[in-house]
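Let me begin by presenting the structure, written as structure tokens, before commenting on it.
Residue numbers (this note's numbering): 3 to 633.
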């Protein structure tokens, strides 16, 4: 009949190969624990037989329970998969806890220590009885040999079909599953290879502790030693990056560029202006707008949460139903378009729904939410502030180039209507509510467009390269007529060619530098003077006032950055060594029994009094309103 052997709590059908006893025993065996059984698992007959004690084996289960025979508290043998109950797993002893037509729940005894684990049982028609050991004198001879139980397949490619060739569980070269004693396993990819299928074939199993297949082995000739340059080996030649036949100009555009930094002054769900960013600030690319924290998504036009509201939007003119009147504009919601295949825009193909970001924008309106008819606010200024960014485009209020921050708007009303496409779209009426003058009005401050680092230099080099390429092609077509003769002595009467500047090469007109001096409030100026502990820091920061608000705020962020969390200090503690650190960061350091300054390692002592610099905290909250939220 055979036996079952337990391994880490799971039971496998096995057969007893031999019965041994402890070698130190000279007298006949009387205790069952002194007997050792040599067992072989029937499912894995190629494995080496293992030793088991008497309590680790038992007769094979052959009787399957009917569903009406099950009772709560009964102990059975069942197939259990904790990760996915509907998929087949291993066989464990299970005590039934709940039995119903919909589901069966129990407690499985796992691991060698029989640790109880709650589980859901799916294969209810395969519940088996746990058989007890029977003496030879009482055992029946005509007991049937039950078929092997079902287990999860070790190979998902061939499902453990021995008659089927498989390069995943067999030889990775020929696919055969014979001669397992001549099968080499790669220590990197874990694939098997017959020694006769290798190129060149091996005569015997190598003696090395580690072996790598030809696909994983590193070629010694490709290893770059100190002082050598990168070599073009066989692997490198097959890589897509080695192909030069692509007609696309990769690595030069900004369409797929990601963020190089992230705004951490305020949390991602911050409503209202971003400290340090003036109305009218102009960026060249969308990624820069995200880095500044004005509008964080790189593609989506609405940034918000369906349970909070909308934080910012981008007016790009992508919907034909948009109407832009400057201080007031009608904005069309998102959705209703098939953007499969990495499309950015497409025609309307279905009705829009007031869900996700559309719902977030509706929640910013100071009115009761209505996803059927919409709503209109009676006091629209009490709504949640929405940051608005305009993209260069057809609107007369849009910038000529780049993306411009136009300030805070509030939602007056939202409603559904049939758009020009014939489908229902959700419309939002937004009205400006910002103290700063609109960028298109007379007297509003004008800012130079902000470019990414080294962008102008790269564009100049690119234009120069294109001009040289065009000149070369032109010379190849008519070399005689375009041959340039160099005079040894230049003519003094000829005018010298005017040297092009970097702005001329890129095609940008020069503008006189605009003075955007930043002035502190009287209260903030008074606080700075009273912060004696950081007098040397403020002296350094105040020199940036003449360079504008952005430069001043960047300097403050740099000077008052916590050395631990690398963000603007929150609840700042000014130490004896004049370094500033967050209260939470210093408390974590003290909890780890490190009583030193995190910056200069100056000894503070175990009894150091942690006291917040209230003056510095008031200054930072005045300059960066809302930065302490979410910290």
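Beta carbons are placed, not taken as given, at the ideal position from N, Cα and C, and that holds for glycine. Fair warning: this is a prediction, and the values are worked out from it, not measured in the lab.
Judged by pairs of C-beta atoms under 8 Å, the stretch 284-303 touches the stretch 393-405, as three or more such pairs exist.
Checking the DSSP bridge columns, you'll see residue 417 partnered with 429.
The beta carbon of residue 281 is closer than 7 Å to those of 407, 408, 409, 436, 438 and 441 in its chain, skipping five residues each way along the sequence.
When 428, 400 and 363 are compared, the shortest CA-CA separation from residue 375 is found for 428. Sequence-distant partners of residue 543 (beyond 5 residues in either direction) whose C-beta falls short of 8 Å from its own C-beta, in its chain, are 554, 557, 558 and 561.
Judged by their CB atoms, residue 14 and residue 43 are nearer to each other than the 7 Å cut-off.
Using a Cβ-Cβ distance cut-off of 8 Å, the stretch 364-382 and the stretch 415-432 are in contact, since at least three pairs of beta carbons, one from each stretch, lie closer than that value. Annotation: residue 591 to residue 179 spans about 59 Å, alpha carbon to alpha carbon. For the options 283, 171 and 167, the alpha carbon positioned closest to that of residue 447 is the one of 283. Counting C-beta pairs closer than 8 Å gives three or more between the stretch 71-78 and the stretch 93-109, which meets the contact rule. Following the DSSP letters along the chain, one finds residue 121 inside the beta strand (DSSP E) bounded by residues 117-123. DSSP places residue 16 within a strand segment (E or B) once states are collapsed to three. When DSSP assignments are scanned along the stretch 265-312, the uninterrupted stretches of alpha helix (DSSP H) that are 4 or more residues long and fall wholly within it turn out to be 288-294.
Contact annotation, residue 548 with residue 574: C-beta distance approximately 26 Å; criterion of less than 8 Å not satisfied. In this structure, residue 380 lies away from residue 308, with their beta-carbon atoms at least 7 Å apart. In this structure, residue 579 places its C-beta atom within 7 Å of the C-beta atom of residue 599. Where residue 586 is concerned, the enclosing alpha helix (DSSP H) starts and stops at 585-593. By the neighbour-count definition (other C-beta atoms within 10 Å, threshold 16), residue 351 is an exposed residue.
DSSP, read as helix, strand or coil, puts residue 574 in strand.
Across the set 187, 399, 476 and 91, the C-alpha of 399 shows the shortest separation from the C-alpha of residue 444.
A straight-line Cα-Cα distance of about 15 Å links residue 271 and residue 293. Per the DSSP secondary-structure output, residue 23 pairs in a beta bridge with 37. Secondary structure of residue 93 (DSSP, three-state): strand.
Fewer than three beta-carbon pairs drawn from the stretch 181-189 and the stretch 162-171 are found closer than 8 Å, and the two stretches are therefore not classed as touching. For residue 78, the three-state secondary structure derived from DSSP is strand.
Residue 41 and residue 156 have their C-alpha atoms some 21 Å from each other. Beta-bridge analysis with DSSP links residue 173 to 194. Residue environment analysis places residue 73 among the exposed positions, since fewer than 16 neighbouring C-beta atoms fall within 10 angstroms of its C-beta.
Minimum Cα-Cα distance from residue 19 among the listed residues 49, 584, 365 and 34 corresponds to 49.
Close CB contacts of residue 382 within its chain, under the 6 Å cut and outside five residues either way in sequence, are with 412 and 414 (chain order). With contacts defined as CB atoms closer than 7 Å, residue 326 and residue 334 fail to qualify as a contacting pair.
With a cutoff of 7 Å on beta-carbon distance, residue 286 and residue 453 are scored as near each other.
Taking 7 Å as the cut-off, the beta carbon of residue 311 is found no closer than this to the beta carbon of residue 397.
Following the DSSP letters along the chain, one finds residue 110 inside the beta strand (DSSP E) bounded by residues 106-112. In this structure, residue 304 keeps its C-beta atom at 7 Å or more from the C-beta atom of residue 353.
Boundaries of the beta strand (DSSP E) around residue 332: 330-334.
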